[in-house]
Amino acid sequence: MHVLLIEDDPLVASGIRSGLMTFDFVVDHVSTLNAARQSMRTVTSDVVILDRGLPDGDGLQLLAEWREQGVDVPVLVLTARDTVRDRVDGLQGGADDYLVKPFDLDELVARLHALLRRVAGRSSGMISHGALALDPTAREVYVEGQLIALSRRELVLLETFLQSPRSVLSADQLKDSLYGMNDDVESNALNVHIHHLRRKLGSGVIETVRGLGYRLGKPEAVHLAGTPYECEIDKGQL
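For what it's worth, this note's numbering labels the leading residue of the sequence shown as 26, then goes sequentially.
So this is what it looks like as structure tokens:
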């Protein structure tokens, strides 16, 4: 799962990021409201951890903006402000949960999982694309009714494409979705994951748009391994 962490204290942010990564979260960290706005425009996050006291304003200002714009990503407000009034302001301002510092990492992880389950319960269920079906709650992928074994990163990559089925996604956008903006990535890592998805789901499941990036292929391009489909596979690095 992809987490956007908005926290200006470098020690707190480092502890949260390293802790969440041990639970298989992909974490992007920014420290200002402006950086958070930019991140939300370029990276799809499953959940946001939002500090209130940021250098360029109160995190609730950003939360109010997002809610007015229809951004419904679940947000956990993380702050040292622990009065009842502060909690009420945060929840009435659009937060889905509120956690006071200091906190235990296990509690943070439990709250994040609870938020994600709540969102999954509100979702329409399976995401379909031709013969492919992704169950976002169970984190399972089926082709023609058969369960397909995908690695965690392969599943995240596929879900990123399914969430933007008509968009061309750049290599940098996809790497950010897979690894987070703060991680160094081997130059061929993205191509390896795309190759694996094409091998398992059909060579045309992901199309290369020369000079721009990649996009989800046509629904009829999805098939079980061993069934032919005509599609050029990119062998170079964009």
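Think of the CB as a built atom: it goes at the ideal place given N, C-alpha and C, for glycine as much as any other residue.
Check: Residues near SER39 in its chain [Cβ-Cβ closer than 7 Å; skip 5 each side]; Outcome: none
Check: Collapsed DSSP secondary structure at GLN171 in the structure displayed; Outcome: strand
Check: Close Cβ partners of MET151 (< 6 Å) along its chain, the five nearest in sequence each way excluded; Outcome: ALA158, ASP160
Check: Range of the contiguous alpha helix (DSSP H) that encloses ARG223; Outcome: 214–226
Check: Beta strand (DSSP E) segments (min. 3 residues) lying fully within the region 79–143; Outcome: 100–104, 122–125
Check: Chain-order list of residues whose beta-carbon lies under 6 Å from that of LEU130 (same chain, five-residue window excluded); Outcome: GLY44
Check: Helix, strand or coil at LYS260 [DSSP, three-state]; Outcome: The predicted position of LYS260 is uncertain, since its pLDDT is 37 and thus under 50; a value taken from the coordinates is nonetheless stated next. LYS260: coil per DSSP, three-state reduction.
Check: Continuous alpha helix (DSSP H) stretch holding GLY238: start and end; Outcome: Careful: GLY238 lies outside any alpha helix (DSSP H), inside the beta strand (DSSP E) at 238–241.
Check: Cutoff 8 Å; reference HIS154; Cβ partners in own chain excluding five residues on either side; Outcome: LEU187, PRO190, LEU241, PRO244, VAL247
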